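Participant:
2 protein chains.
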Amino acid sequence: MPVSDTVHIQLPGDRRYEIRIGAGLLDSSDAWHGLPRAAAAVIVSNETVAPLYAGRLRERLQQVYGRVDLVVLPDGEQHKGWESLNRICDHLLGAAMDRKTVLFALGGGVIGDMTGFAAAIYMRGVPFVQVPTTLLAQVDSSVGGKTAINHPLGKNMLGAFYQPERVIADLDTLDTLPDRELRAGLAEVIKYGPIADALFLDWIDANLDALLARDKGVLAHAVRRSCEIKALVVGQDEREQGLRAILNFGHTFGHAIEAGLGYGAWLHGEAVACGMVLAADLSHRLGLVPADAVLRLRALIERAGLPLRPPQLGVDRYLQLMRVDKKAEAGAIRFVLLEAVGRAGLHAVPDAVIAEVLQAHGAA
Amino acid sequence: MPVSDTVHIQLPGDRRYEIRIGAGLLDSSDAWHGLPRAAAAVIVSNETVAPLYAGRLRERLQQVYGRVDLVVLPDGEQHKGWESLNRICDHLLGAAMDRKTVLFALGGGVIGDMTGFAAAIYMRGVPFVQVPTTLLAQVDSSVGGKTAINHPLGKNMLGAFYQPERVIADLDTLDTLPDRELRAGLAEVIKYGPIADALFLDWIDANLDALLARDKGVLAHAVRRSCEIKALVVGQDEREQGLRAILNFGHTFGHAIEAGLGYGAWLHGEAVACGMVLAADLSHRLGLVPADAVLRLRALIERAGLPLRPPQLGVDRYLQLMRVDKKAEAGAIRFVLLEAVGRAGLHAVPDAVIAEVLQAHGAA
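Going down the list, the sequences are from chains Z and V. For the record, in the first sequence the residue sitting at position 119 is 125 according to the numbering used here, with numbers rising by one throughout. For the record, in the second sequence the residue sitting at position 115 is 121 according to the numbering used here, with numbers rising by one throughout.
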């Protein structure tokens with residue numbers, strides 16, 4: 007019997023959906039039972055993932071849907087833009103797909119975000135299901151209803167809040183994940199500790215080697231606890247008015263790194279890992295947490311094989327990039343800072359302190 | 007004192023907004039009081055409307071917002087696509103506009119739909135205000151939260167449900183509306199009679215000459231009653247699951263006419279007017295309404311100077327175009343049909359009956 011677990015997501019109103027987590031789910035009919043009926047389903051995937059899993063998913067879906075199409079997009083964050091979004095929409099319209107058509111996002115966060123956005127806007131909304139095949143997507147981007155594409159002037163700048171019908175996270179798909187991407191996914195797992203759960207941070211510390219070795223039982227717990235924390239936060243703040251911002255710990259610096267180097271140079275999780283170190287140091291310099299909290303996070307990120315040193319873009323460029331970030335309003339840039347190990351909040355930070363941190367970490 | 011009236015729109019949850027209707031509203035500070043505060047506002051308009059009203063709107067908004075930008079798009083339904091949408095998004099990102107920025111849609115339905123869609127997706131949602139300057143937009147497209155762009159394969163195929171903060175319908179802006187567009191707007195006013203309010207149909211019959219002469223008092227009633235009926239319908243069915251479909255009376259044929267000729271050849275209202283005659287005839291042939299209901303609607307549409315005869319695209323092309331319409335699911339095409347004068351519902355219609363009607367009206 008496969009390991010299997012379910013996280014229940016409750017949304018405002020009567021809406022709800024489930025995250026199924028386990029090994030062997032692609033081959034378990036139970037995980038796919040009860041999805042919306044339609045004449046057709048469309049799997050959206052990329053050139054890397056489609057050859058590995060699209061055939062099995064298609065077989066599974068053909069037991070329910072009369073027609074199952076496959077749209078294969080180029081792989082990578084640099085392809086998360088209008089062009090790929092258009093390819094999905096063009097396919098749906100070219101095949102005269104109706105408004106009950108169910109989209110299945112088979113891949114990582116990029117595929118999930120783009121497929122979700124396409125589902126949100128096609129005929130003003132069709133149902134979609136997330137089938138995340140990267141650790142990052144399983145613990146982060148498939149929970150919370152954020153969908154988006156990038157714009158040359160900023161990451162995730164165009165998108166919608168749109169919830170999936172279900173998330174099906176088959177841990178077996180992580181077997182084919184490159185090591186670098188597994189580590190990048192761990193950055194988001196680590197994130198949930200400092201912002202919300204000190205005990206989970208202890209657990210990650212103790213189980214990091216097993217996580218890196220892809221132990222299924224340990225991975226299952228990491229994915230489940232990450233989803234639970236994210237669901238708890240998102241459930242209180244679906245439209246990102248306040249609390250939800252804490253999920254962006256490390257992301258303001260991280261987005262600047264990604265945009266500054268050009269999307270795809272660093273993986274999202276790598277940029278976030280480095281951004282967390284910078285944001286933790288910012289928290290310390292503003293007197294919110296002691297130095298050892300920064301050192302401990304830094305050590306864990308280093309053990310996970312993630313980058314500590316930000317690229318040398320220069321202070322002015324960083325400030326410029328961070329000012330266009332969605333979290334910025336006119337005036338001082340706001341960061342998610344640690345207020346303790348296990349608690350975070352949004353704080354406006356003077357440019358001078360940001361510059362100090364960037365310089366101290368070799369980014370200037 | 008200007009004529010002024012307010013329709014209150016109640017949405018699911020605690021959301022609500024107002025439609026202000028009256029002469030002189032662009033110059034009345036009261037109509038603009040209490041809108042969301044922000045560092046910046048962006049007026050989106052087109053090459054026809056901007057020279058007429060953007061200056062006055064800008065002056066009005068500069069009393070509230072520190073910065074007021076203007077984005078001017080080319081005019082016409084054929085420009086309601088990705089390219090124009092991108093121009094709005096590019097401007098917002100180029101100016102580093104934050105997520106509190108308020109968009110103002112100054113123009114007809116095309117500007118309203120595109121601006122609303124841009125507001126829905128920019129940073130996953132910024133507030134927007136509708137300032138409709140055509141009769142069509144005042145009675146139809148600024149109520150109900152539908153936003154969209156066209157795709158070469160279909161009208162309004164990509165979009166979102168997204169509600170404005172307020173609608174401000176200044177009847178004085180109708181003074182500069184070309185006669186052909188006024189008549190096209192009347193098509194949607196007429197529509198509300200047969201689908202929902204037989205008494206309103208009587209009123210339109212009695213006041214058509216005053217409407218065509220742009221009498222402000224009569225226009226105010228037509229706009230208010232149209233908005234009230236639409237609000238009543240939309241309020242019960244925001245996401246278009248059922249009842250709301252009746253607002254698309256005449257639209258299935260109408261969209262096929264627009265798409266078949268290429269967007270912009272016929273005005274939307276013209277296509278809908280002709281589509282209503284066809285749909286009424288369909289209702290009669292299926293035994294739902296007597297022949298005189300069709301004749302009466304036909305006579306009113308003729309008096310309003312709107313087209314009765316559909317373009318000769320051929321039956322097959324019509325069927326193909328209508329099958330890609332959002333209202334279509336796999337199988338028989340569904341139409342909004344009259345079940346009485348003042349009541350409508352959705353009905354699946356066999357292709358043979360559709361063909362019969364198209365042939366009878368010279369569309370084959």
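All C-beta atoms in this analysis are idealised placements derived from N, C-alpha and C, irrespective of residue type, glycine included. The structure presented is a predicted model; accordingly, all values stated were derived computationally and were not measured.
Do Thr139/Z and Gly114/Z have their C-beta atoms within less than 8 Å of each other?
Facilitator: On the first sequence, residue 139/Z is found 133 positions in, with the first residue counted as 1. On the first sequence, residue 114/Z is found 108 positions in, with the first residue counted as 1. Yes; because the gap between Cβ atoms is below 8 Å, this pair is in contact.
Participant: Going by alpha carbons, who is nearest to His85/Z out of Glu65/Z, Asn52/Z and Pro317/Z?
Facilitator: Your numbering for residue 85/Z matches position 79 in the first sequence. Answer by Cα proximity: Asn52/Z.
Participant: Would you kindly check if the distance between the Cβ of Leu58/V and the Cβ of Leu178/V is under 8 Å?
Facilitator: Taking the second sequence and counting its residues from 1, the one referred to as residue 178/V is at position 172. Taking the second sequence and counting its residues from 1, the one referred to as residue 58/V is at position 52. In the sequence under discussion, the amino acid at residue 178/V is Asp, which differs from the Leu named in the question. Not in contact: Asp178/V and Leu58/V (Cβ atoms no closer than 8 Å).
Participant: What residues in the segment 158-173 of chain Z bring their beta carbon closer than 7 Å to a beta carbon of chain V?
Facilitator: Hits within the stretch, in order: Leu159, Gly160, Met163, Leu164, Gly165, Ala166 and Phe167.
Participant: What residues of chain Z sit near Tyr128/V, judged by a beta carbon separation below 8 Å?
Facilitator: Walking along the second sequence from the start, residue 128/V turns up at place 122. Neighbours of Tyr128/V on chain Z, chain order: Met163 and Leu164.
Participant: Relative to the C-alpha of Lys161/Z, which candidate in Met129/V, Gly160/V and Val135/V has its C-alpha closest?
Facilitator: The residue labelled residue 161/Z in the question sits at position 155 within the first sequence. Nearest of Met129/V, Gly160/V and Val135/V to Lys161/Z, Cα basis: Met129/V.
Participant: Let me make sure I understand the geometry here. Which of Arg93/V, Gly28/V, Ile196/V and Ala175/V has the alpha-carbon closest to that of Pro1/V?
Facilitator: Only positions 7 to 370 of chain V appear in the structure, and residue 1/V is not among them; the question remains open.
Participant: Only counting the same chain, and skipping five residues up and downstream in sequence, which positions put a Cβ closer than 8 Å to that of Arg172/Z?
Facilitator: The sequence position of residue 172/Z within the first sequence is 166, counting from 1. Once the five neighbours on either side are set aside, the close Cβ partners of Arg172/Z are Tyr23, Glu24, Ile25, Arg26, Leu41, Val135 and Gln136.
Participant: At the level of alpha carbons, what is the spacing between Leu141/Z and Gly270/Z?
Facilitator: Reading the first sequence from its first residue, position 135 is the one you call residue 141/Z. Reading the first sequence from its first residue, position 264 is the one you call residue 270/Z. If you take the alpha carbons of Leu141/Z and Gly270/Z, they lie about 17 Å apart.
Participant: With C-beta atoms as the reference, is Val240/Z less than 8 Å away from Gln144/Z?
Facilitator: On the first sequence, residue 240/Z is found 234 positions in, with the first residue counted as 1. On the first sequence, residue 144/Z is found 138 positions in, with the first residue counted as 1. No; because the gap between Cβ atoms is not below 8 Å, this pair is not in contact.
Participant: DSSP three-state label for Leu91/Z, please.
Facilitator: For the purposes of this step, residue 91/Z is taken as residue 85 along the first sequence, with counting starting at 1. The answer is helix: DSSP assigns Leu91/Z an H, G or I state.
Participant: Which residues, in order along the segment 74-91 of chain V, keep a beta-carbon less than 8 Å from a beta-carbon of chain Z?
Facilitator: Result list: Trp88.
Participant: Are any of the Cβ atoms in chain Z nearer than 8 Å to that of Val48/V?
Facilitator: Taking the first residue of the second sequence as 1, we reach residue 48/V at position 42. No, Val48/V lies away from the interface with chain Z (no Cβ there is under 8 Å from its Cβ).
Participant: Could you tell me which of Arg105/Z, Gly275/Z and Arg291/Z sits nearest to Ala193/Z, measuring between CA atoms?
Facilitator: In the first sequence, the residue the question calls residue 193/Z occupies position 187. For the residues Arg105/Z, Gly275/Z and Arg291/Z, the minimum Cα distance to Ala193/Z belongs to Gly275/Z.
Participant: Please list the residues of the segment 20-41 of chain V that have a C-beta atom closer than 8 Å to any C-beta atom in chain Z, keeping them in chain order.
Facilitator: Against chain Z - using a Cβ distance shorter than 8 Å - the segment 20-41 of chain V contributes no residues.
Participant: Measuring straight from C-alpha to C-alpha, what distance separates Phe255/V and Ala190/V?
Facilitator: Locating residue 255/V in the second sequence gives position 249, where the first residue counts as 1. Locating residue 190/V in the second sequence gives position 184, where the first residue counts as 1. Between Phe255/V and Ala190/V, the C-alpha separation is close to 15 Å.
Participant: Can you tell me where the beta strand (DSSP E) holding Val74/V begins and where it ends?
Facilitator: For this step, residue 74/V is matched to residue 68 along the second sequence. Residues Arg73 to Leu79.
Participant: Check whether the Cβ of Leu253/V lies closer than 8 Å to any Cβ atom in chain Z.
Facilitator: Taking the second sequence and counting its residues from 1, one reaches residue 253/V at position 247. Not one chain Z Cβ lies under 8 Å of Leu253/V.
Participant: Under 8 Å between beta-carbons, which chain Z residues line up against Gly100/V? List them in chain order, please.
Facilitator: Taking the second sequence and counting its residues from 1, one reaches residue 100/V at position 94. Per Cβ cutoff of 8 Å: Leu159.
Participant: Identify the contact partners of Ala154/Z in chain V, using a Cβ-Cβ distance below 8 Å as the criterion.
Facilitator: Working through the first sequence from its first residue, we reach residue 154/Z at position 148. Chain V residues near Ala154/Z: Arg130.
Participant: List, from N- to C-terminal side, the alpha helix (DSSP H) runs of 4 residues or more that fit wholly inside the segment 19-74 of chain V.
Facilitator: With a minimum length of 4 residues, the continuous alpha helix (DSSP H) runs that stay inside the segment 19-74 of chain V are 61-68.
Participant: Output needed for Leu98/V: all residues of its chain with C-beta closer than 6 Å, excluding positions within five of it in sequence on either side, in chain order.
Facilitator: Working through the second sequence from its first residue, we reach residue 98/V at position 92. Cβ neighbours of Leu98/V beyond the five flanking positions: Tyr128.
Participant: Determine the burial state of Gln242/Z: buried for a count of at least 16 other Cβ atoms within 10 Å of its Cβ, exposed for fewer.
Facilitator: Taking the first residue of the first sequence as 1, we reach residue 242/Z at position 236. So Gln242/Z ends up on the exposed side.
Participant: Taking Cβ-Cβ distances shorter than 8 Å, what residues in chain Z pair up with Cys95/V?
Facilitator: Stepping through the second sequence from its first residue, residue 95/V is reached at position 89. Neighbours of Cys95/V on chain Z, chain order: His157, Met163 and Leu164.
Participant: Pull up the distance between the alpha-carbon of Ile210/V and that of Ala346/V, whole angstroms please.
Facilitator: Reading the second sequence from its first residue, position 204 is the one you call residue 210/V. Reading the second sequence from its first residue, position 340 is the one you call residue 346/V. Their backbone Cα atoms lie some 18 Å apart in a straight line.
Participant: Within its chain, find whatever has a CB closer than 6 Å to the CB of Ala338/V; leave out the 5 residues flanking it on each side and keep chain order.
Facilitator: Walking along the second sequence from the start, residue 338/V turns up at place 332. Around Ala338/V: Ala354.
Participant: So, for Pro313/V: in the same chain, excluding its five sequence neighbours on each side, which residues have a beta-carbon less than 7 Å away from its beta-carbon?
Facilitator: Here residue 313/V corresponds to residue number 307 of the second sequence, with the count starting at 1. Excluding sequence neighbours, Pro313/V sits near Glu276, Ala279 and Cys280.
Participant: For the pair the segment 316-330 of chain Z and the segment 292-306 of chain Z, tell me if three or more CB-CB distances fall below 8 Å.
Facilitator: No, the segment 316-330 of chain Z is not in contact with the segment 292-306 of chain Z.
Participant: If we ignore side chains and look at the alpha-carbon of each, how far apart do Leu365/Z and Glu83/V end up?
Facilitator: Within the first sequence, residue 365/Z is the residue found at index 359, counting from 1. Within the second sequence, residue 83/V is the residue found at index 77, counting from 1. It should be pointed out that residue 365/Z corresponds to Gln in this sequence rather than to Leu. Going from the Cα of Gln365/Z to the Cα of Glu83/V covers about 52 Å.
Participant: If you count every other CB in all the chains shown that lies within 10 Å of the CB of Arg43/Z, and 16 or more means buried, which is it?
Facilitator: Here residue 43/Z refers to the residue found at position 37 when the first sequence is read from its first residue. Counting Cβ neighbours within 10 Å, Arg43/Z comes out exposed, since fewer than 16 surround it.
Participant: Verify the CB distance criterion: does Leu352/V have a CB-CB separation below 8 Å to chain Z?
Facilitator: Counted from its first residue, the second sequence places residue 352/V at position 346. No, its Cβ sits nowhere closer than 8 Å to a Cβ of chain Z.
Participant: Do you know whose CA, among Phe259/V, His367/V, Tyr168/V and Val48/V, lies nearest Val70/V's CA?
Facilitator: Numbered from its first residue, the second sequence carries residue 70/V at position 64. Ranking Phe259/V, His367/V, Tyr168/V and Val48/V by Cα distance to Val70/V puts Val48/V first.
Participant: Please return the same chain residues whose Cβ sits closer than 7 Å to the Cβ of Leu344/Z, not counting the five positions on each side in sequence.
Facilitator: The residue labelled residue 344/Z in the question sits at position 338 within the first sequence. Around Leu344/Z: Pro200, Ala286, Ser289, Leu294, Val295, Ala299 and Ala350.
Participant: By the three-class DSSP mapping on this structure, what secondary structure does Ser10/V have?
Facilitator: In the second sequence, counting from the first residue as 1, residue 10/V sits at position 4. Correct three-state label for Ser10/V: strand.
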